[in-house]
Every structure is written in C-alpha cells, then in structure tokens.
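To keep things clear, I will list the structure first and then write my remarks on it.
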Amino acid sequence: MKIKEILKSDKYGDQVVVKGWVRTKRTSKNVAFIALNDGSTIHNVQVVVDLNEISEESIAEATTGASVAIEGIMIESPGSGQNVEISAKKVTVLGPADPEVYPLQPKKHSLEFLREKAHLRFRTNTFGAITRVRHAMIYAIHKFFNDKGFYNIHTPIITGSDAEGAGEMFRVTTLELNNLPRKEDGSINFEEDFFGKETNLTVSGQLEAELAALAMGEVYTFGPTFRAENSNTSRHLAEFWMIEPEMAFYDIHDDMDLAEEMLKYLIRYALENCMDDLQFLSKRLQEEEKNKKQEDRAPMELIEKLKFVLENDFERITYTEAIDILRDSKPNKKGKFQFPVDKWGVDMQSEHERYLVEKHFQKPVIVTGYPKEIKAFYMKVNEDNNTVRAMDVLFPGIGEIIGGSQREEKYDVLLKRMEEMSVPAEEMWWYLETRKFGTVPHAGFGLGFERLMLFVTGMGNIRDVIPFPRTPQNAEF
RNA sequence: UCCCCUUUAGCUCAGUUGGUUAGAGCGGCUGACUGUUAAUCAGUAGGUCCUUGGUUCAAGUCCAAGAAGGGGAGCCA
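Each residue of the first sequence is one higher than the one before, counting from 318 in this note's numbering.
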C-alpha cells in the first residue's frame, strides 16, 4: 500500500504491507520509531516497533537510507504529529545502507552538495517534492492542450538544418573523429557520414511544428532541446525540455491570450494538485530567506506569489513603451543600469526586464513589437516595416519564460527577410513551400519547461528542477 | 566566454598580525532513557586544511598557476 493512501485512511485495525526507504529511526528501551517514505507523498508514515516483540537486533540495519518492507496494522496514533501509524508485526530489511558511508543524513543538505549526489537526491524531501510537481506539470501541459483540441507532434531530435537560428548546436555524427574523411580541398566529406550530410541535435521544433499546424490547425511539441552555448547561469541548461504550440489562424493577440491562459492553467493545476509539496517548498524557501538581507528577500511567499499571478492580468506593453518607461526610470537617470537605455532599437538586458517586472509593474509583463533587427527571420513584419510581431513573456525572478511571435506568412516578405539575415533559403525550401501553397496567418511560442518549474517551485537554480542537469563541463549520471 | 566569491572532519562552517598536539555544531559509533517527531543525555572515533610550485627558521594562514563549486553578465527558453 502506498504511504499516501495510508495517511488518508482511517481504517484502523487493517493489516497493511508498506515498502519504502527509512528516513530516520529513533529507539528507546521498549519501542523504536521508523519514519518511512516511499515517494508517493512528502509525508512519512511512522512505523512503531515494539522491542519486546521484535528484537532491536533484527532492525539494526534499518538505518537512514535502507529499504524495508513492513507488515503491520494501521492504528490511530497516540502521539501528536500524525493521525495514523503502523504497528509493525514484521520488519524486513531489503537493502541496508551503511550509515558510515551513506551520504544523506537526516539533516539539511546544501543544494550544491545534493547536485553532486544527483543519483540519491530523489530521496530528499526537496527533490521528492520537485519530482512530483514536475510530473504534475508535464501531465497538465498535455491535458491543457488535449482539452483544447491541440495535437501533440513529435518533431525530429536530429536535424539536418542549421538554420533554426537559436544558438550553438551539438554535432551528431558517426564519423571516426580521429580519421575524418576529407574532400580534395581538405574539408570534411560529410557525404560519408550517417545521413550523408551535416546533422545536429535540434535547438527548436518550431519550424516542423509550423508545417503540422498548416494542416492540423492547432498543434504543440513537448520535447528535449539542445543548446551548445557555453552558458553558465542558474537559468540555462544544455539539454532542456520545451513546449512549442503552433496555431493556424492565430494572430499575435490570440498568441498572447493562449500563453497567458496556459501559464495560469498550469499554476492553478499545481495549486489544486500539489499543495502538500508546494507548502513544503514554501516553508523551505522561507527558512532560506531568513538568512538573506531584508532588501534581497522575496516580497511574497511561494503560494501567495502563485495565487497573485493567477488573479492578475499580465501587463501588455510594446517594446516602444518599455523603452520609454526604462528611459524615464529612476535607475536609468541615476546611472544605476550597467547598460543605460538611451535610444530606441537597443536590446533589453536582464536588468531592464527585471526592472519592468519586479519594480515597475510588479507582475508578469508581455512585451510586443520589437525592432526587427534584434529578432528572428520568421517573425511577421509589421506595417511600419520596422518592428515585428514578437512577444516575450517576462516573469519575476526568471526573466523570459516564453518567447513567441506571429509568423511571417507572406512568401516574398519571408524570402527577403531570410536573405537580409543570411538564412540559407535553398536549404529551407520545405519551410518556404508552406507559404507558397495555402499559406495562412499563424503564430506560436516556446515555453522553457524548466523555467516554468523554477517559478512554480520557487527554486533558484535550474539545475535543481531537472533530475540530471546537463551543463558545460558536466554530464555526470 | 568575462567579472566577483568560495574550497579546512561524512555535512555546515570557525580558525587572530604566519608560530607548538587544527576546532565547533550536526551526522556516525557505544551506552543510558516507558511513545519519539531533525527525540534527549553521556562518552567516543574521525583531517592529503582542493592540487602543484614558490617565499620563510616556520604556511590552513602570504604569493603564483591550475582545478572544482557558487553568484552575476552575455546568449537564450
């Protein structure tokens, strides 16, 4: 029986078998207590062992980290702290964990330490909670789209195009690296490679998702994404999961509406289904906050923050309005920004996004209408021929959580944009053909799944919301 | 890739102007305790002071290079 079910039950007297891992064991002369967890919930079940019936020796190996099977009876707990507990009739240690060397102790560990113990950190309260919330969010994403009539599309992980225009790519090859086949001019002959051409891991499924949307109407991808950027921040991974909806007949406003609706749906789902875990994460955060200086502390605790996002409309402004606000802002006038905002056309830096979201509006902000020079070739050019129908959703503490746009559906304009930005049009013939045959206005966006996880769990480092993070110089486990 | 910080016991950290046998709390182990909640109390073991080189009579402490980790920036989701 799962511990989650036992703790909800009041069938005192029922016989149960529980299997799990020991968190702590406390012994006294006549009685021992084992706090047992099986991953089904943040809470442990308390197993009571009468040492007059079961010898202390037989449970000697039931130390922190050991796996055990308990046969016993559910009883109403006389102690405070829990309603139900299990009176053990038989304790079997399935797999001992030598307490001299088992690295997880019944105490707080730093997140940095646990990162080096990623194979065992699932056994901690924090990562158990994160893992359950992560699952709930994965499920909720599929449910959200399914209920709206979207189709899930599996886009390729190995791609032959290097024109997706989103960062450095990981090369995929079966060529022998110590003995590369060369052409006469000395360059590598990729015709001998597995696919007969240069291939990489995908940096986005968007282009393929567009192809599907232009027949299926509303589609989404949810798959692994790879970026070989040498990026060392708490918000970047070399391998992460991205959700990319793509919708025919949507304009930029429909796109924004969907993005806001989806984010709120997911947050609501977490509040309705993961309250135990969120409460634990919130408490954990609040304890961490105590060690911070007053000005660095979060203005709201986790659950309050999630509810706040649910209950308020996202602020929608144009890039031009954003630049005006920033130019007239106190930190800009006082020279507090590392990158001063002086003229229209500059890209917004992290500090500017943070100012807008955390100081000026104090809620999520969607910025649209960026200068076309700083955005991708596929974004629809506005009538002013100066800005594009891009939209970035900015979240407090995280920055850009969603980046999206209405796509350029006009063949001539798209081709011209590709030439301007030196995107090889010949290679992208298939993408262009969708604009040649039955093109329609359409839009889409990309949501970084781990960035969503950062927000929902309140964690500060993206390496702690994915089980096995891949970052520069680190592919352990 | 750039800037800043850190590296001392299993974990979290202290270690004075360079000076003798390097400390604490937690955890482990041993024992005590009539139901505990990260139990409590007593005792006990445990160290390549990140690595290499240098300065010095003497280096955990000063200098140089490197490694690992963290924070921030860029890039982005």
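Positions of the beta carbon are idealized from the N, C-alpha and C atoms, including for glycine. For clarity, every value in this text was computed on a predicted model and none was experimentally measured.
- Val-782 is positioned such that its CB atom lies no closer than 8 Å to that of Glu-793.
- By alpha-carbon distance to Asn-703, the top candidate from Gly-755, Glu-485, Phe-694 and Gly-382 is Phe-694.
- CA-to-CA, the gap between Ala-349 and Thr-380 works out to about 12 Å.
- Excluding five sequence positions before and after Asn-590, the CB atoms of its chain that fall closer than 7 Å to its own CB belong to Ala-453, given in chain order.
- Listed as beta-bridge partners of Asp-630 by DSSP are no residues whatsoever.
- Three or more beta-carbon pairs separated by less than 8 Å are not found between the segment 592-605 and the segment 624-636, which leaves the two stretches without contact.
- Residue range 362-367 is occupied by the beta strand (DSSP E) that includes Asp-367.
- Checking the DSSP bridge columns, you'll see Lys-336 partnered with Ala-386.
- For the pair of segments examined, the segment 524-537 was found to touch the segment 559-572: the number of CB pairs separated by less than 8 Å reaches three.
- Of the candidates Gln-679, Gly-534, Ala-352 and Lys-651, the residue whose Cα lies closest to the Cα of Leu-711 is Gln-679.
- Counted as a single uninterrupted DSSP element, the beta strand (DSSP E) harbouring Ser-404 occupies residues 401-412.
- Cβ neighbours of Leu-428 within its own chain (closer than 7 Å, five residues either side excluded): Asn-778 and Asp-781.
- Of the candidates Ser-478, Met-318 and Thr-409, the residue whose Cα lies closest to the Cα of Gly-356 is Met-318.
- Residue environment analysis places Ala-414 among the buried positions, since at least 16 neighbouring C-beta atoms fall within 10 angstroms of its C-beta.
- By the criterion of at least three beta-carbon pairs nearer than 8 Å, the segment 458-473 is not in contact with the segment 718-733.
- Nearest neighbour of Pro-713 by Cα position, chosen from Pro-688, Glu-670 and Glu-744, turns out to be Glu-670.
- Across the structure, Ile-470 and Glu-508 are spaced so that their CA atoms are roughly 29 Å apart.
- Where Val-773 is concerned, there is no enclosing beta strand (DSSP E), although the alpha helix (DSSP H) around it starts and stops at 766-774.
- Less than 8 Å separates the beta-carbon of Ile-320 from that of Val-335.
- Along the length of the segment 578-628, whole beta strand (DSSP E) runs at least 3 residues long do not occur.
- Taking the Cα positions, Pro-395 is about 47 Å away from Arg-787.
- For Asn-347, same chain residues with a beta-carbon under 8 Å away, outside a window of 5 residues either side, are Asp-367, Leu-368 and Asn-369 in chain order.
- The beta carbon of Tyr-329 sits closer than 7 Å to those of Met-391, Ile-392 and Glu-393, all from its chain and outside the five residues before and after it, given in chain order.
- Counting along the chain, Met-486 sits inside no beta strand (DSSP E), nor does DSSP assign it H or E at all.
- By alpha-carbon distance to Val-658, the top candidate from Leu-643, Ser-548 and Phe-539 is Leu-643.
- DSSP, reduced to helix, strand and coil, places His-759 within a strand of the structure shown.
- When secondary structure is reduced to three states using DSSP, Trp-661 falls in the coil class, being assigned neither helix nor strand.
- Assignment of Gly-445 by DSSP, reduced to helix, strand and coil, places it in the helix class.
- With fewer than 16 other beta carbons inside 10 angstroms of its own, Phe-430 counts as exposed.
- A residue is called buried when at least 16 other Cβ atoms come within 10 angstroms of its Cβ; Gln-655 does not meet this threshold and is exposed.
- Less than 8 Å separates the beta-carbon of Tyr-567 from that of Ala-760.
- Here Glu-750 carries a helix assignment [DSSP, helix/strand/coil].
- If the five residues before and after Pro-423 are omitted, its C-beta is found closer than 6 Å to the C-beta atoms of Thr-341 and Thr-381, all from its own chain and listed in chain order.
- Per DSSP, reduced to three states, the secondary structure at Arg-644 is helical.
- Trp-338 has its alpha-carbon roughly 37 Å from the corresponding atom of Ile-474.
- Only residues of its own chain outside the window of five on either side were considered, and among them Asn-517 have a CB closer than 7 Å to the CB of Arg-488, listed in chain order.
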